[in-house]
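Asks: Questions regarding the structure given below will be posed in turn.
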């Protein structure tokens, strides 16, 4: 077990290295540098020039790269040009918002997708199956932002059932009202994300159940006279969950990924919205940091997924 | 050889026709989609650029059913129906171009890596794994903002950087199952060249799958392009897209008080994409049947 994990972590090192080089050159392509964030109406351009020289922005690229990498590892990714704050501080604040909203949406997604796949797989070829297959092919194909817009138009602006922006209402005081106000602000984006996010789980879980139903061990269990309910719950469902587990690492790290469209449309101040406002404000140090963060989360997600798979599926450990 | 090929292509058309006859929804979708494409492309052929670029403030935000403007006008005083046509044409063009690049690159790379396998395939797969992990949406948006002299062709290029991977992996997986079949082994023993086996023997067997994949890729690209344009990082100004029309909805006041500026474009996207999905589902069933009966 530990051998698998250590080997997998070692495999991540070259990937991280490539990612850092990519993001570094990406940052170099963008105009501006960490000192652009310090320039205000009262700064002397010569002073900034001196700072740039002192920071080694005119050094050969590999020296700059190594220094940048060192800083990035220490969590120093420069100053935000627009917010005049360290990038990591801003990201930290926004990450909390994104985390809670994503958590709610992930929970809702599983609540929708799992019963859906079980119903579809148990009634293979019947109308229930057709219904959920069609539903998922539609949500997969329709651009989600169109749906988000209609949702906020109907439930946010026309019916006024839900707030159309922010994370908490200004007149909520005390822990419990603030908590409920936060949940209330999250419901619309999280629900929309969940309604449109079932297709991945549904496809894997449904075909997983269908595959497992025809396995020999299921036939053996039936022949032994095990009750159909028990076969389904104990044997089929457990094995069919493996493909879902294989994606779970990405789900965990995805909690901090930020949903660009949903957060922009629902006015939810998370990392996705931060990215769009940073792009519009040409806040390049922030953009670089967000891309680095998301790339890193992706690699970490792959790592976690592999470790989870090794934990739940003994066959992988043996290989 | 030629006779066999002819029969094969005939039965492909035949089985698609049969499936469409059974699936009324897909049949209606096909007719509808063809009609939409014809109307959009023929109508926009008769439009001059000044028609949809010039601004007429006097006619700004006219409500629907005003004289001469069945669906009203937008913030530049331009007729919504005309804007829908030209925007739909631009959005379809981008989606067509990206789909074409995706399919050509994806099919060639997929068949080659699936056929040869081995070390190159392994490295290539690691590479695609890595690219898939990258935050593609963010990188596309950054490219759009930092590329100098940005135009429609740059947008097509940028979107294509990430779009080919899914198709490549699908075609590779299917090619790998084909390689072990008897007809490929027989061709190899009789000394047919690798190139001929890959593209004259294996690839035609994947053609139904490719068509089904093409419809889904096309629908996805419409979503991606209009989404980018909606956020303001898609087609450049002067080239209206369905997304730029929907962008009117980002202003809460316009969204609630002047829904005619953005709702028609959303409806067009919804209906077109739905039609494509229904056709794609029917085609996928044909692909699965042909895979099973062979």
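Protein chains in written order, with the UniProt record's numbering: chain A, 1 to 319; chain B, 1 to 294.
For every residue, glycine included, the Cβ atom is placed at its ideal position computed from N, Cα and C.
#1: Identify the contact partners of residue 209 of chain A in chain B, using a Cβ-Cβ distance below 7 Å as the criterion.
#2: State the Cα-Cα distance for the pair residue 15 of chain A and residue 247 of chain A, rounded to the nearest angstrom.
#3: Go through the stretch 128 to 185 of chain B residue by residue and report every complete run of the alpha helix (DSSP H) that reaches 4 residues or more, in order.
#4: What does residue 212 of chain B touch in chain A if you count any residue whose Cβ is under 8 Å from its own?
#5: Can you grab the Cα-Cα spacing for the pair residue 285 of chain B / residue 177 of chain B, in whole Å?
#6: Starting from residue 153 of chain A, trace the alpha helix (DSSP H) in both directions and tell me its first and last residue.
#7: Give every residue of the same chain whose Cβ lies closer than 6 Å to the Cβ of residue 114 of chain B, excluding the five residues on either side of it in the sequence, and list them in chain order.
#8: How long is the line joining the alpha carbons of residue 180 of chain B and residue 188 of chain B, rounded to whole angstroms?
#9: Inspect the CB distances between the stretch 263 to 275 of chain B and the stretch 146 to 161 of chain A and report whether three or more fall short of 8 Å.
#10: Mind listing which residues of the stretch 18 to 35 of chain B have their C-beta closer than 8 Å to chain A's C-betas, in chain order?
#11: Taking DSSP as the reference, what is the three-state secondary structure of residue 235 of chain A?
#12: Which of helix, strand or coil does DSSP assign to residue 185 of chain A?
#13: For the alpha helix (DSSP H) holding residue 99 of chain B, just list the boundary residues, first then last.
#14: Nearest to residue 116 of chain B by alpha carbon, out of B/197, B/128, B/145?
#15: Considering only residues of the same chain and omitting the five flanking positions on each side of residue 108 of chain A, which have a CB-CB separation below 7 Å?
#16: Measuring alpha carbon to alpha carbon, tell me which of B/59, B/110, B/256, B/81 ends up nearest residue 209 of chain B.
#17: Looking only at its chain, what residues have a beta carbon closer than 7 Å to the beta carbon of residue 100 of chain B, apart from the 5 residues adjacent to it on each side?
#18: Looking at chain B, is there any beta carbon in it that lies within less than 8 Å of the beta carbon of residue 43 of chain A?
#19: Do you know how far the Cα of residue 262 of chain A is from the Cα of residue 176 of chain A?
#20: Counting only C-beta atoms, is residue 274 of chain B closer than 8 Å to chain A at any point?
#21: In chain A, which residues lie with their C-beta within 7 Å of the C-beta of residue 295 of chain B?
#22: How is residue 46 of chain A classed by DSSP in three states: helix, strand or coil?
#23: Assuming the contact rule is C-beta atoms closer than 8 Å, residue 88 of chain B and residue 268 of chain B should be a hit. Round their C-beta distance to whole Å, please.
#24: Can you pull the chain B residues whose beta carbon is under 8 Å from the beta carbon of residue 143 of chain A, in chain order?
#25: Rounding to the nearest angstrom, what Cα-Cα distance links residue 18 of chain A and residue 105 of chain A in this structure?
#26: DSSP state of residue 220 of chain A, grouped into three classes?
#27: Would residue 50 of chain A be called buried (16 or more neighbouring beta carbons within 10 Å of its own) or exposed?
#28: Give me the subset of the stretch 120 to 143 of chain B whose CB atoms are less than 7 Å from a CB atom of chain A, sorted by chain position.
#29: Given 8 Å as the limit, is there contact between the stretch 233 to 242 of chain B and the stretch 40 to 47 of chain B, that is, 3 or more CB pairs closer than that?
#30: Determine the contact status of residue 298 of chain B and residue 202 of chain B, defining contact as a CB-CB distance below 8 Å.
#31: Rounded to a whole number of angstroms, what is the C-alpha to C-alpha distance between residue 280 of chain A and residue 81 of chain A?
#32: Going by CA-CA distance only, name the one from A/245, A/61, A/150, A/180 that's closest to residue 307 of chain A.
#33: Given this structure, state the Cα-to-Cα distance separating residue 281 of chain B from residue 212 of chain B, to the nearest angstrom.
#34: Which residues, in chain order, does the stretch 294 to 308 of chain A contribute to contact with chain B at a C-beta distance below 9 Å?
#35: Could you tell me which chain B residues have their CB closer than 7 Å to the CB of residue 15 of chain A, listed as they occur along the chain?
Replies: Reading off the structure:
#1: The residue you call residue 209 of chain A lines up with position 209 of the first chain. In chain order: nothing, as chain B lies at least about 18 Å away.
#2: Locating residue 15 of chain A in the first chain gives position 15, where the first residue counts as 1. Locating residue 247 of chain A in the first chain gives position 247, where the first residue counts as 1. Rounded to whole angstroms, residue 15 of chain A to residue 247 of chain A spans 19 Å at the Cα level.
#3: Runs of the alpha helix (DSSP H) spanning 4 or more residues and lying entirely within the stretch 128 to 185 of chain B occur at 136 to 146, 152 to 179, in chain order.
#4: Numbered from 1 along the second chain, position 212 holds the residue referred to as residue 212 of chain B. At a C-beta separation below 8 Å, residue 212 of chain B has no neighbours in chain A, since its nearest C-beta there lies roughly 12 Å away.
#5: For the purposes of this step, residue 285 of chain B is taken as residue 285 along the second chain, with counting starting at 1. For the purposes of this step, residue 177 of chain B is taken as residue 177 along the second chain, with counting starting at 1. So the two alpha carbons sit approximately 19 Å from each other.
#6: Along the first chain, one-based indexing puts residue 153 of chain A at 153. No alpha helix (DSSP H) contains residue 153 of chain A, which DSSP labels as neither H nor E.
#7: By one-based count along the second chain, residue 114 of chain B stands at place 114. 172, 175, 176.
#8: Start at 1 with the first residue of the second chain, and residue 180 of chain B comes out as number 180. Start at 1 with the first residue of the second chain, and residue 188 of chain B comes out as number 188. Taking the straight line from one Cα to the other gives about 11 Å.
#9: yes
#10: none
#11: Position 235 of the first chain, counting from 1, holds the residue named residue 235 of chain A. In the structure shown, residue 235 of chain A sits in a helix (DSSP, three-state: H, G or I).
#12: By 1-based counting over the first chain, the position of residue 185 of chain A is 185. Three-state result, residue 185 of chain A: helix.
#13: Taking the first residue of the second chain as 1, we reach residue 99 of chain B at position 99. Note, residue 99 of chain B: alpha helix (DSSP H), 80 to 116.
#14: To locate residue 116 of chain B, count along the second chain from 1; it is residue 116. Closest by alpha carbon: B/197.
#15: As a working mapping, residue 108 of chain A is identified with position 108 in the first chain. The residues are 190, 191, 194.
#16: Residue mapping note: residue 209 of chain B aligns to position 209 of the second chain, counting from 1. Closest option to residue 209 of chain B, Cα to Cα, is B/110.
#17: Taking the first residue of the second chain as 1, we reach residue 100 of chain B at position 100. There are no such residues.
#18: Counting from one through the first chain, the residue named residue 43 of chain A turns up at place 43. Closer than 8 Å to the CB of residue 43 of chain A there is not a single CB belonging to chain B.
#19: Mapped onto the first chain, residue 176 of chain A falls at position 176. Mapped onto the first chain, residue 262 of chain A falls at position 262. In a straight line, the C-alpha of residue 176 of chain A is about 26 Å away from that of residue 262 of chain A.
#20: Taking the second chain and counting its residues from 1, one reaches residue 274 of chain B at position 274. Closer than 8 Å: yes.
#21: In the structure displayed, chain B extends from 1 to 294; residue 295 of chain B sits before or after that span and is not available.
#22: As a working mapping, residue 46 of chain A is identified with position 46 in the first chain. In this structure, residue 46 of chain A counts as helix in the three-state DSSP scheme.
#23: Along the second chain, read from residue 1 onward, the residue named residue 88 of chain B stands at position 88. Along the second chain, read from residue 1 onward, the residue named residue 268 of chain B stands at position 268. Correct: roughly 6 Å between the Cβ atoms.
#24: Here residue 143 of chain A refers to the residue found at position 143 of the first chain. Near residue 143 of chain A (Cβ distances below 8 Å), the residues of chain B are 222, 223, 224, 226, 227, 269, 273.
#25: Taking the first chain and counting its residues from 1, the one referred to as residue 18 of chain A is at position 18. Taking the first chain and counting its residues from 1, the one referred to as residue 105 of chain A is at position 105. Whole-angstrom Cα-Cα distance: 32 Å.
#26: Counting from one through the first chain, the residue named residue 220 of chain A turns up at place 220. Three-state DSSP puts residue 220 of chain A in a helix.
#27: As a working note, residue 50 of chain A is residue 50 in the first chain. Residue 50 of chain A comes out exposed.
#28: 130, 133, 134, 135, 137, 138, 139, 141, 142
#29: no
#30: Because chain B is modelled from 1 through 294, residue 298 of chain B falls outside the range shown and cannot be assessed.
#31: By one-based count along the first chain, residue 280 of chain A stands at place 280. By one-based count along the first chain, residue 81 of chain A stands at place 81. Looking at the two C-alpha atoms, the distance is approximately 12 Å.
#32: Position 307 of the first chain, counting from 1, holds the residue named residue 307 of chain A. Taking only the C-alpha atoms, the option nearest residue 307 of chain A is A/245.
#33: By 1-based counting over the second chain, the position of residue 281 of chain B is 281. By 1-based counting over the second chain, the position of residue 212 of chain B is 212. Answer to the nearest angstrom: the Cα atoms are 7 Å apart.
#34: So the close ones are 294, 295, 297, 298, 299, 301, 302.
#35: Locating residue 15 of chain A in the first chain gives position 15, counting from the first residue. Under the 7 Å cutoff, chain B gives 130.
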